[in-house]
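Worksheet: one structure, shown below.
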Amino acid sequence: MVIVNYLHNAMNIKYLVELSNEEKSFLVYLIAKGKTSARKLKRANTLLMSNNRMSQDKEISLAFNVGTATIYRTKKQFVEEGLEAALNEGARSGMPRCLDGNQEALLIALACSKPPEGLCRWTLSLITEKLIALTELDEV
């Protein structure tokens, strides 16, 4: 059974990482420098170990505590878009901002101001009500 899985994985290699000497040197320098994000270091290590099928995805996964899907995406990005794209994260879409700069400034000023008379602090519901009353927002 292990042999079947190994053969299946060996034949299912879609993205083969082949680093140039310059790219290898850059990755080694990046890792040795150590002043970069953990995610970037994991990607650099993944690419180095993937170079010319040096290691299986399972070995890389265990060595650097990354999922095989992450390894696959890193390899894919390297092959399709190059080293910089594989190392650096793209902008995340995330949830759109619900407040613009002026509204955010008003929120901060409100939260830092004295609470209404009879209260010792602002509650989230009080801040929400006040912010809706002072702006054109329907909800926060």
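Numbering-wise, the UniProt record's numbering puts 65 at position 65 of the sequence shown, and it's gapless, one number per residue. All residues carry an ideal CB built from backbone N, CA and C; glycine is no exception.
- Burial state of Lys75 is buried, judged by a 10 Å Cβ sphere holding 16 or more other Cβ atoms.
- Non-local C-beta neighbours of Thr128 in its own chain, meaning closer than 6 Å and more than five positions away in sequence, comprise Val140, ordered along the chain.
- Phe78 is positioned such that its CB atom lies closer than 8 Å to that of Val17.
- Taking a C-beta distance under 8 Å as the contact criterion, Leu19 and Asn45 do not qualify as a contact pair.
- Rounded to whole angstroms, the gap between the alpha carbons of Thr135 and Arg92 is 28 Å.
- Per DSSP, the continuous alpha helix (DSSP H) segment holding Cys112 begins and ends at Gly101 to Cys112.
- Arg53 sits exposed, since fewer than 16 C-beta atoms from the chains shown fall within 10 Å of its C-beta.
- In the structure shown, Lys42 falls within a helical segment according to DSSP collapsed to helix, strand and coil.
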